[in-house]
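Here the sequence shown stands for residues 15 to 654, where the numbers follow the numbering used here. Heads up: the structure comes next, in structure tokens.
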Amino acid sequence: MQLFCNPPKSTGDEKVTEKEFNVEAMSIHKDAQAMLHKAKQEDIETAWDRLQNQSPQCKFGDTGICCRICVMGPCRISKKAPLGVCGADADVIVARNFGRFLCGGAAGHSDHGRDCIEALEAIVEGKTKDYTLANPEKLLAVASELGIATENRDVMEVGRDLVDVFYSDFASRKKELAFLCRVPQKRKEKWQELGITPRGVDREIAEMMHRTHMGCDNDAPNTLLHGARMCLADGWGGSMIATEISDMLFGTPTPKKSKVNLGVLKKDQVNILVHGHNPIVSEKILEAVNDPELIELARSKGAKGINLAGLCCTGNELMMRKGVPMAGNHLMTELAIVTGAVELIVVDYQCIMPSLVQIGNCYHTKMITTADKAKFTGAEHYKFTMENGSAQARAAVKLAIEGYAVRDHARVDIPIEPVDILTGFSNEAIVGALGGSLTPLIDAIKAGKIRGIVGIVGCNNPKFKQDHCNVTLARELIKKDILVLATGCVTTALGKVGLLLPEAIDQAGPGLKEICGSLGVPPVLHVGSCVDNARILQACALIANELGVDIADLPVAASSPEWYSEKAAAIGTYAVASGIYTHLGLPPNILGSEVMTNLAVKGLDDVVGACFAVEPDPVKAATLIDTRIKSKREGLGLAP
Ligand code: SF4
Ligand code: MSK
15 MQLFCNPPKS TGDEKVTEKE FNVEAMSIHK DAQAMLHKAK QEDIETAWDR
65 LQNQSPQCKF GDTGICCRIC VMGPCRISKK APLGVCGADA DVIVARNFGR
115 FLCGGAAGHS DHGRDCIEAL EAIVEGKTKD YTLANPEKLL AVASELGIAT
165 ENRDVMEVGR DLVDVFYSDF ASRKKELAFL CRVPQKRKEK WQELGITPRG
215 VDREIAEMMH RTHMGCDNDA PNTLLHGARM CLADGWGGSM IATEISDMLF
265 GTPTPKKSKV NLGVLKKDQV NILVHGHNPI VSEKILEAVN DPELIELARS
315 KGAKGINLAG LCCTGNELMM RKGVPMAGNH LMTELAIVTG AVELIVVDYQ
365 CIMPSLVQIG NCYHTKMITT ADKAKFTGAE HYKFTMENGS AQARAAVKLA
415 IEGYAVRDHA RVDIPIEPVD ILTGFSNEAI VGALGGSLTP LIDAIKAGKI
465 RGIVGIVGCN NPKFKQDHCN VTLARELIKK DILVLATGCV TTALGKVGLL
515 LPEAIDQAGP GLKEICGSLG VPPVLHVGSC VDNARILQAC ALIANELGVD
565 IADLPVAASS PEWYSEKAAA IGTYAVASGI YTHLGLPPNI LGSEVMTNLA
615 VKGLDDVVGA CFAVEPDPVK AATLIDTRIK SKREGLGLAP
């Protein structure tokens, strides 16, 4: 048995000591705690260890006042040196750093969206046999919404026009993005007045890089406003396109049962995990694991079958549409390998820790990368294209089957039984559950049975006890008759504690219990992956349009209690710019600028009608959100 397999640590002094190693303080989940113990026993380093090795973290970086934008620097702002070499002060430096931070997030979601357009293009131009249009009705519906003629036209021909519209949303020649047709008029007027109507996805991203070059935009509020415009291009552009095309290619999600936690791994089967964000690869892996020939091959190697499970947002995509079980969220990705039961992780992009290769090497676990833009040293690269997806998926599954033959069964520990969940609440599914229109939901909001709606979204971060804040906030909100929508890694957190089951209505306030009980749905609805936050934007717009108000007038909010990524910051910023009050469990790296901090948590409210709130305590965060919802209800003339 291989016991020693850890990569070098920074110094021996910084190792987690036995005394400090308290798994109950690291995660709320039994499966995580068991695997943290196993990792410790097997001398395998995890994100929690590395956070400790990195501590204390640099206060200049933490507060955003370290500038590396040119080589007259790097410059750090202090009392002794309040200006960089060029004369930039803390406000300018923080604004530029934050602008570029948001850029990474907007680019990530939107480049995913562009990949989806390329996939749709290959299908409608007949250039792939591997992928088809599972949902032509959605293609026609979206095309018609965007003003493309659909009557008496071939769906592929309409699709080609739609591809053109989507591509042009990335370019520089439009005055506004196509999906702005969904935005309530009052919100669009606000954006026009502020000069932040998003024009082209790539244009706004490139402009942010330009503005934040040395000697360009040296006015922090002006930089932040462009950050809002760029993130709006993500939410109402790149992300929304990714979501809509994924529905066209693989189906619009409908409610279905699935299972969650590390217990979805199977001791006697070949286990394959898919990880990342884009369903284009994972949908093919799903097809391959169901191929009778490959199942027979697995049996010939002594396995009872082939088991596929998801991680992070690729997991969300497969779970929403196909009911594929979810092994875990962001901080479970390393721990899933520690079970010793995983033959293969197939990744696309985003949120994939480089450490997975190293931890995989401590077991028999192989990692396959599939996108040229996301290679990992030490992983095998199987480039997936629209022409070779099925063949590559079969090759990947064969690799996993070979892996089963060398699995060390003595090291396998699958620590828990899986938990049931209900998933698949796309907007179309929600409207379906409501009998065909949003009216029953709006009536419930007016009557105060559902007092408000909050999207809890985002990640894990080892700075928090894993999922404590995600779960506590959701429980507190549903108690207050606030419907929760979950996306991204929060989904797994809430699913693991049973909140994605209809029975969870027993934890809800009386109004929410009555409404969800009558519909047979949970008080927390799973609406998808990170890019699917666009579904929440669309839902807010539909409700606002129905009521004839702005999104900022609605009793809605967003929260990312344990966020870590640039993408989460971009999501938060497009939510705020769309008029949605947004709670964060920890601040972005902006506290070194009073101007930026005050704008984020207060000033933006006067500008765009919403702002950020930063509160690490989830109970206090629930109170803050509840207070906001009360004030919005009163603004609409409703009982608080
Ligand atoms: Fe320093 Fe200014 Fe260069 Fe930043 S842009 S590194 S503050 S000189
Ligand atoms: S995967 S951005 S850790 S939610 Fe979308 Fe999870 Fe956050 Fe990545």
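Where is the CB? At the ideal position from N, CA and C, for every residue including glycine. Owing to the predicted nature of the structure, the values given are computational and were not obtained by experimental measurement.
- For residue 175, the enclosing alpha helix (DSSP H) covers residues 169-182.
- Ordered along the chain, residues surrounding the ligand MSK are 326, 327, 344, 365, 472, 473, 502, 503, 544, 579 and 581 [Cβ under 5 Å from any heavy atom].
- In the DSSP annotation of this structure, the continuous segment of the beta strand (DSSP E) that includes residue 435 starts and ends at 433-437.
- Bounds of the beta strand (DSSP E) holding residue 273 are 270-274.
- Not a single heavy atom of the ligand SF4 lies less than 7 Å from the C-beta of residue 96.
- Taking all protein chains shown into account, residue 195 has fewer than 16 neighbouring C-beta atoms within 10 Å of its C-beta and is therefore exposed.
- Residue list for the ligand SF4: 81, 83, 84, 86, 87, 89, 98, 99, 100, 102 and 228 (CB closer than 5 Å to any heavy atom, chain order).
- When the beta-carbon positions are compared, residue 140 and residue 107 stay at least 8 Å from each other.
- Under DSSP, residue 629 shares a beta bridge with no residue.
- Remark: C-beta atoms of residue 42 and residue 480 approach each other more closely than 8 Å.
- For residue 537, the closest alpha carbon among the candidates 485, 585, 574 and 567 is that of 485.
- In this structure, residue 293 sits near residue 331, with a CB-CB distance shorter than 8 Å.
- Taken through DSSP and simplified to helix, strand or coil, residue 397 comes out as coil.
- Uninterrupted alpha helix (DSSP H) stretches at least 4 residues long and entirely within the stretch 201-258 occur at 215-225 and 234-247, given in chain order.
- Judged by DSSP secondary structure, residue 287 falls within the beta strand (DSSP E) whose first and last residues are 284-289.
- With fewer than 16 other Cβ atoms inside 10 Å of its own Cβ, residue 648 counts as exposed.
- The C-beta of residue 298 has 16 or more other C-beta atoms within 10 Å across all chains shown, which makes the residue buried.
- Within its own chain, the residues whose Cβ lies closer than 7 Å to the Cβ of residue 510, once the five positions on either side in sequence are excluded, are 43, 274, 275 and 433, listed in chain order.
- In this structure, residue 411 lies away from residue 338, with their beta-carbon atoms at least 8 Å apart.
- Assignment of residue 573 by DSSP, reduced to helix, strand and coil, places it in the strand class.
- When rounded, the separation of the alpha-carbon atoms in residue 408 and residue 628 is 46 Å.
- Residue 247 is positioned such that its CB atom lies no closer than 8 Å to that of residue 48.
- Of the residues 109, 284 and 641, the one whose Cα lies closest to the Cα of residue 466 is 641.
- Residue 595 is bridged by DSSP to 571.
- Shown here, residue 60 sits in coil according to DSSP, grouped into three states, outside any helix or strand.
- Following the DSSP letters along the chain, one finds residue 538 inside the beta strand (DSSP E) bounded by residues 538-542.
- About 7 Å separates the beta carbon of residue 477 from that of residue 600, a gap short enough to meet the 8 Å contact definition.
- With a beta-carbon spacing of about 16 Å, residue 228 and residue 117 fall beyond the 8 Å limit used to define contacts.
- In the structure shown, residue 187 falls within a coil segment according to DSSP collapsed to helix, strand and coil.
- Residue 499 places its beta carbon less than 8 Å from that of residue 539.
- Residue 395 and residue 387 do not touch by the CB rule: their CB atoms are close to 11 Å apart, not below 8 Å.
- Taken through DSSP and simplified to helix, strand or coil, residue 322 comes out as strand.
- The count of Cβ pairs closer than 8 Å, one atom from the stretch 344-355 and one from the stretch 444-457, stays below three, leaving the stretches out of contact.
- Selection 204, 190 and 131 evaluated against residue 178 yields 131 as nearest (Cα-Cα).
- Rounded to the nearest whole angstrom, the C-alpha separation of residue 544 and residue 129 is 16 Å.
- Residue pairing by DSSP puts residue 342 in a beta bridge opposite 325.
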